[in-house]
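Everything on this sheet refers to the single structure shown next.
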Amino acid sequence: HIVNRNKIHVLIDLVGYTGGGERANEVFASRPARLQTSYMGFCASTGAPYMQHMVVDRVVAPPEYRSHFSEHLMVVPNSYFVNDHRQQPAWQDVNSKQLARASYKELPAKGTLLACFNQLYKID
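The sequence shown begins at 250 in the numbering used here and counts up one residue at a time.
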């Protein structure tokens, strides 16, 4: 009702099928807006008949896999991932040289190291 009352013509889903997205999917399934687009929250096709478009880049939707998306793809030229680097003022000071594993005594000398840097504050 809010979308219709405010005459919103474009609705962008930032959650997709990720945690907490069930309610958003219910809203989008009711098709409250003329144009509904998926962006950021779920990096794959929704497969949903109510989602007309999806914002992607060449990593999210490589050309050879684009036929597997049900949405019309809006391909941005660089990265579709938007971030606010102001959250990490020291980001510009990060040394870009390759770091030696031995410099970090808390890491094992051998093996695979898995890391998640989805928030800039995790990079220190």
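We put the beta carbon where it would ideally sit given N, CA and C, even for glycine. No experiment lies behind these values; they were computed from the predicted model shown.
What would DSSP say about residue i, mapped onto helix, strand or coil?
i    : result
W340 : Here W340 scores only 49 on pLDDT, less than 50, and its place in the model should not be relied on; the value that follows carries that caveat. Correct three-state label for W340: helix.
V304 : strand
V259 : strand
H321 : strand
S352 : helix
Y314 : helix
H250 : coil
May I have the straight-line CA-CA distance separating residue i from residue j, to the nearest angstrom?
i    : j    : result
A310 : K256 : 31 Å
K354 : L363 : 16 Å
L271 : A278 : Note that residue 271 is Glu in the sequence shown here, rather than Leu. Rounded to whole angstroms, E271 to A278 spans 10 Å at the Cα level.
A273 : Y299 : 12 Å
V259 : T361 : 44 Å
R315 : S352 : 42 Å
L356 : H250 : 53 Å
N253 : R283 : 10 Å
G265 : P326 : 22 Å
Looking only at C-alpha atoms, which of the options sits nearest to residue i?
i    : options                : result
P281 : D262, A358, M323       : D262
Y329 : F291, Y299, S316, K359 : F291
Exercise. Contact between the segment 292-302 and the segment 314-325: three or more CB pairs below 8 Å?
Worked result: Yes: the two stretches touch, three or more of their Cβ pairs being nearer than 8 Å.
For this session: Enumerate, from N- to C-terminal direction, the unbroken alpha helix (DSSP H) stretches of 4 or more residues contained entirely within the segment 257-294.
Result: 270-278, all fully within the segment 257-294.
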